[in-house]
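Structure first, commentary second.
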Amino acid sequence: AMIFLLSHATAKAAMFLAAGNLLRAAGHDRLEALAGVMRALPVSLFAIGLAGISLIGLPPSAGFVGKWLLLGAGLEQGQWWWVATLLAGSLLAAGYVIRVVLPAFSDQASTQTLRPVPRGMEWSALALALISVAAGFAGSAV
Numbered sequence: 002a003m004i005f006l007l008s009h010a011t012a013k014a015a016m017f018l019a020a021g022n023l024l025r026a027a028g029h030d031r032l033e034a035l036a037g038v039m040r041a042l043p044v045s046l047f048a049i050g051l052a053g054i055s056l057i058g059l060p061p062s063a064g065f066v067g068k069w070l071l072l073g074a075g076l077e078q079g080q081w082w083w084v085a086t087l088l089a090g091s092l093l094a095a096g097y098v099i100r101v102v103l104p105a106f107s108d109q110a111s112t113q114t115l116r117p118v119p120r121g122m123e124w125s126a127l128a129l130a131l132i133s134v135a136a137g138f139a140g141s142a143v
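Counting from 2, one number per residue, gives the positions in the sequence shown under my numbering.
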């Protein structure tokens with residue numbers, strides 16, 4: 002359960018930091034108006050993508066390892082409802098990650114002026130997202 006806690010905490014923190022970067026740059030949080038923002042904030046959107054991989058539970062992320070271990074323990078104990086709960090959580094995470102990422106990668110040129118975001122803010126989000134994915138390689142040791 003510790004690997005799941007680590008992956009979820011770092012991925013969620015990365016998502017919030019990167020979302021804050023988008024808010025700071027655009028001055029709003031309307032998803033439909035984020036078309037083409039990838040060109041201005043590639044590091045933040047990469048962080049959202051990596052953190053999303055871990056929150057969804059895709060391999061080789063720590064989110065996958067944690068969910069795999071929780072599923073195994075739940076099934077071993079006969080608590081099948083854990084399978085449904087973890088699957089529902091993964092589907093919800095996929096939904097909100099895709100909802101942010103797809104408009105950002107749109108080919109439409111943004112008509113809004115984006116304010117610059119300090120590099121440290123972008124890189125801190127990416128560092129947390131990388132931890133949430135890379136910890137999956139050490140998952141059995143955690």
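All C-beta atoms in this analysis are idealised placements derived from N, C-alpha and C, irrespective of residue type, glycine included.
> For P119, which of helix, strand or coil comes out of DSSP?
Replying inline: coil
> How should G121 be labelled, buried or exposed, when 16 other C-beta atoms within 10 angstroms of its C-beta is the threshold for buried?
Replying inline: Classification for G121: exposed.
>> Can you check which of these residues, A128, A95, S91, S107, is closest to E33 by C-alpha distance?
In response: S107
> Between A105, E77, L72, which lies nearest to A89 when the distance is taken from Cα to Cα?
Replying inline: L72
> In chain order, which alpha helix (DSSP H) runs of at least 4 residues are fully inside the region 56-129?
Replying inline: 63-77, 82-105
> With DSSP run on the structure shown, which of helix, strand or coil describes G50?
Replying inline: helix
>> Looking only at its chain, what residues have a beta carbon closer than 6 Å to the beta carbon of H29, apart from the 5 residues adjacent to it on each side?
In response: none
> What residue range is occupied by the uninterrupted alpha helix (DSSP H) comprising G37?
Replying inline: Segment: none, G37 is in no alpha helix (DSSP H) and carries neither H nor E.
> For the alpha helix (DSSP H) that A15 lies in, which residues bound it at each end?
Replying inline: 3-27
>> So, for G58: in the same chain, excluding its five sequence neighbours on each side, which residues have a beta-carbon less than 7 Å away from its beta-carbon?
In response: G64, F65, K68, S91
> Taking the alpha carbon of V55 as the point to measure from, which residue in V98, A85, L115 has its own alpha carbon closest?
Replying inline: It is Ser, not Val, that sits at residue 55 in the sequence shown. Looking at the Cα atoms, V98 is the closest of the given residues.
> If we call anything under 8 Å between Cβ atoms a contact, is Q113 one with A27?
Replying inline: yes
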